[in-house]
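Visitor: Which chain is which? The protein sequence lines are A and B, in order. Anchor point for the first sequence: position 122 equals 121 in numbering that gives the first Met the number 0, and the numbering is continuous, going up by one each time. Anchor point for the second sequence: position 97 equals 96 in numbering that gives the first Met the number 0, and the numbering is continuous, going up by one each time. Heads up, the beta-carbon is just placed ideally off N, CA and C, and yes, glycines get one too. First, the structure itself, so that you have it in front of you.
Number of protein chains: 2
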Amino acid sequence: MKRKRLRSHCPINFGLESFADKWSLLIVRDIIFRGKTTYGEFLKSEEGFATNILATRLTHLEEEGILEKRVNPDDARKNQYWLSEKGLDLVPMLFEMILWSSKYDPKSEARRITKLVEQIRKDNRKISHKIMERLRKGLPIFPEYLD
Amino acid sequence: MKRKRLRSHCPINFGLESFADKWSLLIVRDIIFRGKTTYGEFLKSEEGFATNILATRLTHLEEEGILEKRVNPDDARKNQYWLSEKGLDLVPMLFEMILWSSKYDPKSEARRITKLVEQIRKDNRKISHKIMERLRKGLPIFPEYLD
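Put into structure tokens, the structure is as follows:
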């Protein structure tokens, strides 16, 4: 993992420099919520990655130790990207973001997953750990939290 | 509040489009953790805002309804920026970011506020609401959570 020079070691700044540009977090989202693992799959996301942005962000997240690149067992030409433990540990923060958006976006897709949202509200830590455990095994987080 | 066209109503994307560029969240951090309210105070942050970036981000956060601009009672030429309820509701997410950074940044400043970090770990919702209540009253979140 590359060790870059940080602007400060404030814990908010550290998080922001590690993962928080919009496109990086959308990649993490695609892995967690949509079971995507390959460049081609990320490219199809509805927010519309430009190819150069997707490539630089994948490299950045790998250098940060948030993603791990593995050889695809079915097709050696296609790399797979998985979340490391450091990447999985972003789940509780993303879940807080879901709560916030479900409150403030009247058209939020979170309103279609009210069971999950309710569990996050009740005990984020508990549901996060349950879902991190599923992701470690390569299982999708759904369907049990879909309504 | 301006209503822009979102790329998607995915709750992660909504959050990212609302507040997640690095500089925007550093402004929110400065208000919550450092009691800053004015342009001049934000400008002094150690991460080094460029003046044009600071100005556009303040406008953006105000348009998003995350910040509210008020006239400074002591000096009418200086606006004050306060968090709206929508902005205060970012506290639990920022606290999750602090937990993550305290785990993965060996030089994290979060290691100097272990009491707060411990309370976030134990019950983020509870400590967040306590601190949001203080911020509503214009009180600093410290010193009681400083070690």
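1. Hey, would you say N12 of chain B sits closer than 8 Å to L25 of chain A, going by beta carbons?
2. Considering Cα atoms alone, identify which of A:L93, A:L134, A:G137 and A:L138 is closest to N123 of chain A.
3. Check whether chain A comes within 8 Å of P10 of chain B, counting only Cβ atoms and requiring the distance to be less than that.
4. Between which two residues does the beta strand (DSSP E) containing N78 of chain B stretch?
5. Roughly how many angstroms separate the alpha carbons of K129 of chain B and G137 of chain B, rounded to a whole number?
6. Would you decide whether P72 of chain A is buried or exposed? Buried here means 16 or more other CB atoms lie within 10 Å of its CB.
7. Would you please state the rounded distance, in angstroms, between the beta carbons of L134 of chain A and L82 of chain A? I believe it to be under 8 Å.
8. Along chain B, in chain order, which residues have C-beta atoms closer than 7 Å to that of W99 of chain A?
9. How about the segment 59-70 of chain A and the segment 46-56 of chain B: do they share at least three Cβ pairs that are nearer than 8 Å?
10. Report the neighbours of S7 of chain A on chain B: residues whose CB is nearer than 7 Å to its CB, in chain order.
11. If we require 4 or more residues per run, which alpha helix (DSSP H) segments fall completely within the segment 13-69 of chain A?
12. Among residues of its own chain, excluding the 5 on either side of S107 of chain A, which ones have a beta-carbon nearer than 8 Å to its beta-carbon?
13. Looking at the secondary structure, which residues open and close the alpha helix (DSSP H) in which P148 of chain A lies?
14. Quick one: which chain B residues come within Cβ less than 8 Å of R28 of chain A?
15. Can you pull the chain A neighbours of K136 of chain B, defined as C-beta to C-beta under 7 Å?
16. Do you know how far the Cα of L98 of chain A is from the Cα of K148 of chain A?
17. Taking the Cβ atom as the reference point for each residue, do T36 of chain A and Y103 of chain A lie within a distance shorter than 8 Å?
18. Under a three-way DSSP split, which group does S127 of chain A fall into?
Guide: Let's see:
1. Translated into positions along the second sequence, residue 12 of chain B becomes position 13. Translated into positions along the first sequence, residue 25 of chain A becomes position 26. A contact, by the Cβ cut-off of 8 Å.
2. For the purposes of this step, residue 123 of chain A is taken as the residue at position 124 of the first sequence. Between N123 of chain A and the set A:L93, A:L134, A:G137 and A:L138, the nearest pair of CA atoms involves A:L93.
3. By 1-based counting over the second sequence, the position of residue 10 of chain B is 11. P10 of chain B counts as touching chain A.
4. Taking the second sequence and counting its residues from 1, one reaches residue 78 of chain B at position 79. Judged by DSSP secondary structure, N78 of chain B falls within the beta strand (DSSP E) whose first and last residues are N78 to L82.
5. On the second sequence, position 130 is the one that residue 129 of chain B refers to. On the second sequence, position 138 is the one that residue 137 of chain B refers to. Distance between the alpha carbons of K129 of chain B and G137 of chain B is about 13 Å.
6. Along the first sequence, read from residue 1 onward, the residue named residue 72 of chain A stands at position 73. By the neighbour-count rule (16 or more Cβ atoms within 10 Å), P72 of chain A is not buried but exposed.
7. Your numbering for residue 134 of chain A matches position 135 in the first sequence. Your numbering for residue 82 of chain A matches position 83 in the first sequence. The C-beta distance from L134 of chain A to L82 of chain A rounds to 7 Å, short enough to fall under 8 Å.
8. For the purposes of this step, residue 99 of chain A is taken as the residue at position 100 of the first sequence. The contacting residues are G14, D88, L89 and M92.
9. Counting Cβ pairs under 8 Å, fewer than three are found: no touch.
10. Against the first sequence, residue 7 of chain A aligns to sequence position 8. The answer, in chain order, is E45 and E46.
11. Within the segment 13-69 of chain A, the complete alpha helix (DSSP H) runs of at least 4 residues are 21-33, 38-42 and 50-62.
12. As a position in the first sequence, residue 107 of chain A is number 108, starting the count at 1. Cβ neighbours of S107 of chain A beyond the five flanking positions: S100 and S101.
13. Only positions 0 to 146 of chain A appear in this structure, which leaves residue 148 of chain A out of reach.
14. The sequence position of residue 28 of chain A within the first sequence is 29, counting from 1. In chain order: C9, I11 and N12.
15. For the purposes of this step, residue 136 of chain B is taken as the residue at position 137 of the second sequence. Chain A residues near K136 of chain B: none, gap ~22 Å exceeds 7 Å.
16. With chain A covering only 0 through 146, there is no way to say anything about residue 148 of chain A.
17. Taking the first residue of the first sequence as 1, we reach residue 36 of chain A at position 37. Taking the first residue of the first sequence as 1, we reach residue 103 of chain A at position 104. Not closer than 8 Å, so no.
18. Counted from its first residue, the first sequence places residue 127 of chain A at position 128. S127 of chain A sits in a helix when the DSSP states are folded into three classes.
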